[in-house]
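**Q**
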Amino acid sequence: MDVQHPFSDETAELPDPSEMPDLKAGAMAESKPYVAPCTIQEALNYPGELVENWQEKAVEKLGDLVSRYRSLKVYLDSCVKCGACTDKCHYFLGTGDPKNMPVARQDLLRKVYRRNFTFAGKYAPWLVGAVDLTKEVLDDWYSYFHQCSQCRRCSVYCPYGIDTAEISMAAREIMDHIGVGQKYSNEIIGKVFKVGNNLGLPPKALKATLEGLEEEIEEETGAPVKLPLDVEGADILVVTPSADFFASPHMEGLMGYAKVFHAAGVSWTLSSEASEAANFGMFIGSYETMRNVSLRIRHAAEKLKVKRIIIGECGHAWRVAYSFLNTLAGPFDFLDPAYPVPQHILEFTHGEIEKGTVKLDKSKNDHMTLTFHDSCNVARASRMGDKPGGQFEIPRAVIKASCNNYHDMPDDTIREKTFCCGGGGGLLTDELMDLRKKGAMPRMRALKEVEVNHGVTHMAAICAICKAQFSKVLPMYGFDREAIVSVHQLVSNAIVLDQPIEAEAD
Ligand code: SF4
Ligand code: SF4
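Numbered per our numbering, the sequence shown finishes at 506, counting up by one with no gaps.
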């Protein structure tokens, strides 16, 4: 199936799902993100440029990582080359480059591991595919470990559960330690430490933005819905991706959270110190960075004396929060034990819908027929609510409570088998646009299927990266740029605010 690009003569291809792509060796060898300059590297305590004894340092770091993380060692030792993962990566399906097969991507690190840390690799490297770390190998690492969005789809199909994402994270951490970091991710981490968010949005500008949104909501609904900032003593601290403060469809989602809190009659606040849920420390594989970014949330919660922490619509932030926050920044024994730490905004909204405090008029979304894109880090690396599978059911329950028309995409493209949007894992940068477009192909194909067969017009998502990526790539496949919506945008459209409750902490 071919789709005409609406703004150019380019034709984006949506091949039949049963077809394997034609192999194109080396097709994506030149796809690589900008290398971080000295200032960005040094701000994170990494060397500013490739260090002199980089081979030795890289092998030393690899040794450190396999000794610290048993899982990494098991993954590097246990692949039997069964081939089950080969056609499961969206970047392989979209590019045909064999080095984008998960097993081949892993082997880029595995062959250096074998050479340096296994008996056979040391004494008979030719027998086990072991190689020295050369500049050519390092160049491949930089290209192909930045063509993995760490989505973990391949691991679902691997009989040994080998997680390529963890191998990619390790490779990126090694590269940072020898002075070859990725500009996009490392620059963003620097901004989080310096200003509080990925955007570098200072507190004054953030306050003005929130006031602007309050006015917009009041004009639209007549209800005095608040978006409080730095309110000491509020019950709930909301930590959300900074995209929620400046772009569509993210902002519409943030307005949805505010309306839900208003309807529920709870006090809440955002924080200028923790004005970012994203944690790019995970993308670069750095435990220390991930911890320091997470500690901002703890500091903000302590300073504002809140009782609960709720995380907004952000895929990888939810993974870090759900899976690691207690280890990274806990214990959170100063919070109210009656609530989970942390809680997802969808859990909160779902609970309020069930209690009846949030009332929804589904007909407000009748101009749309919806589907849902499960974000990788939510689907495969975390849960939601108190039942297994809550990360699949709760978002769908909230969407279905907000609209009348809903159809899922094909089974092998949703839930735990979901396809990445193509821009996750620190790849949402313009110089990787070609890769992002090609990596989005499997998701676009699934969307086309429900558009043609069920009249789907819009796709909802709960991840800031997915929303930003789809806003860019949807038009490349002939869809409307605005076909991507926030789940809380649907809630915002449908919520009935006829009983304003004066309980905001402002
Ligand atoms: S983790 Fe995702 S992006 Fe990385 S190799 Fe596996 S399927 Fe591809
Ligand atoms: S599915 Fe697992 S064991 Fe099989 S080739 Fe892929 S990584 Fe190796």
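By construction, the Cβ of each residue, glycine as well, lies at the ideal position given by its N, Cα and C atoms.
1) Taking 7 Å as the cut-off, is the C-beta of ALA104 nearer than that to any heavy atom in ligand 2?
2) Give the DSSP-derived three-state secondary structure of GLU49 in the structure shown.
3) In chain order, which alpha helix (DSSP H) runs of at least 4 residues are fully inside the region 243-325?
4) Select from SER155, ALA483, VAL239 the residue whose C-alpha is nearest the C-alpha of HIS367.
5) Let me check understanding here. Comparing Cα to Cα, which of SER323, ILE309, GLY48, LEU370 lies closest to PRO342?
6) Can you pull the DSSP bridge partners for ILE236?
7) Between the alpha carbons of HIS5 and GLY478, how many angstroms are there, rounded?
8) Determine the extent of the beta strand (DSSP E) in which HIS458 is found, giving its start and end residues.
9) Whose C-alpha, out of LYS438, ALA464, ALA461, ASN453, is nearest the C-alpha of ALA12?
10) What's the gap between the Cα of HIS90 and the Cα of MET433?
11) Provide the residue(s) that pair with LEU515 in DSSP beta bridges, ordered along the chain.
12) Helix, strand or coil: which one does DSSP assign to VAL231?
13) Kindly list the residues whose CB is nearer than 8 Å to the CB of ASN326, restricted to its own chain and excluding five residues on each side of it in sequence; keep chain order.
14) Looking only at its chain, what residues have a beta carbon closer than 8 Å to the beta carbon of CYS38, apart from the 5 residues adjacent to it on each side?
15) Skipping 5 residues on each side, what residues in its chain have a beta carbon closer than 6 Å to that of ASP361?
16) What is the rounded straight-line gap between the Cα of VAL487 and the Cα of SER242?
17) Heavy atom of ligand 1 less than 7 Å from the Cβ of CYS314, yes or no?
18) I need the DSSP call for VAL450, collapsed to helix, strand or coil.
19) Does the beta-carbon of GLU352 have 16 or more other beta-carbons within 10 angstroms, so that it is buried, or is it exposed?
20) Do you know how far the Cα of PHE245 is from the Cα of MET441?
21) From the DSSP output, read off the bridge partner residues of THR371.
22) Can THR164 be considered in contact with ligand 1, in the sense that its beta carbon sits closer than 7 Å to one or more heavy atoms?
23) Give the secondary structure of ILE40 by DSSP, where H, G and I count as helix, E and B as strand, and everything else as coil.
24) Taking the alpha-carbon positions, what's the ALA468 to CYS151 distance?
25) CB-CB under 6 Å to ILE345, same chain, minus the five flanking residues each way: which ones, in chain order?
26) I need the boundaries of the alpha helix (DSSP H) containing SER71, first residue and last residue.
27) Hey, is SER272's beta-carbon within less than 8 Å of any beta-carbon in chain B?
28) Once you ignore the five residues that flank GLY285 on each side, which residues in its own chain have a CB closer than 7 Å to its CB?
29) On a CA-only basis, which of THR369, GLU354, GLY424 is nearest THR457? Give me that one, please.
30) With respect to the alpha helix (DSSP H) encompassing ILE189, which residues constitute its N-terminal and C-terminal limits?
31) In the DSSP output, what is ILE174 paired with across the bridge?
32) For GLY83, verify whether its CB is less than 7 Å away from any heavy atom of ligand 2.
33) Given 8 Å as the limit, is there contact between the region 131-145 and the region 154-163, that is, 3 or more CB pairs closer than that?
34) Closer than 6 Å by C-beta to GLY390: which residues in its own chain qualify, once you throw out the five before and the five after it? Chain order, please.
35) What's the gap between the Cα of SER149 and the Cα of ALA446?
36) Could you check if PRO410 is buried or exposed, using at least 16 other CB atoms within 10 Å of its CB as the buried criterion?
**A** The relevant details are as follows:
1) no
2) Residue state, collapsed to three classes: coil.
3) Counting only runs of 4+ residues, the alpha helix (DSSP H) found wholly inside the region 243-325 occupies 250-264, 287-304, 315-319, in chain order.
4) ALA483
5) The option with the nearest alpha carbon to PRO342 is ILE309.
6) Looking at the DSSP output, ILE236 shares a beta bridge with TRP268, ARG308.
7) Caution applies to HIS5, whose pLDDT of 41 falls short of 50 and renders its modelled position unreliable; the value that the coordinates give is listed next. The alpha-carbon atoms of HIS5 and GLY478 are separated by roughly 5 Å.
8) For HIS458, the enclosing beta strand (DSSP E) begins and ends at 458-461.
9) LYS438
10) Looking at the two C-alpha atoms, the distance is approximately 15 Å.
11) Absent from the structure is residue 515, since the part of the chain shown begins at 1 and ends at 506.
12) Coil at VAL231, not helix or strand.
13) PHE332, VAL341, listed in sequence order.
14) GLY48, GLU49
15) Once the five neighbours on either side are set aside, the close Cβ partners of ASP361 are ALA494, VAL496.
16) 17 Å
17) False, no ligand heavy atom lies under 7 Å from that Cβ.
18) In this structure, DSSP gives VAL450 a helical state, which the three-state scheme calls helix.
19) With 16 or more Cβ atoms within 10 Å of its Cβ, GLU352 is classed as buried.
20) 29 Å
21) Beta-bridge annotation (DSSP): THR371 is paired with MET459.
22) yes
23) Looking at ILE40 - three-state DSSP - the assignment turns out to be helix.
24) Answer to the nearest angstrom: the Cα atoms are 16 Å apart.
25) Result list for ILE345: TYR257, ILE310, GLY312, in chain order.
26) 70-78
27) This model lacks chain B altogether; it includes just one protein chain.
28) MET169, ALA170, ARG172, GLU173
29) THR369
30) 183-194
31) Paired residue(s): none; ILE174 is not in a bridge.
32) yes
33) no
34) ARG383, MET384
35) Approximately 19 Å, taken between the alpha carbons.
36) exposed
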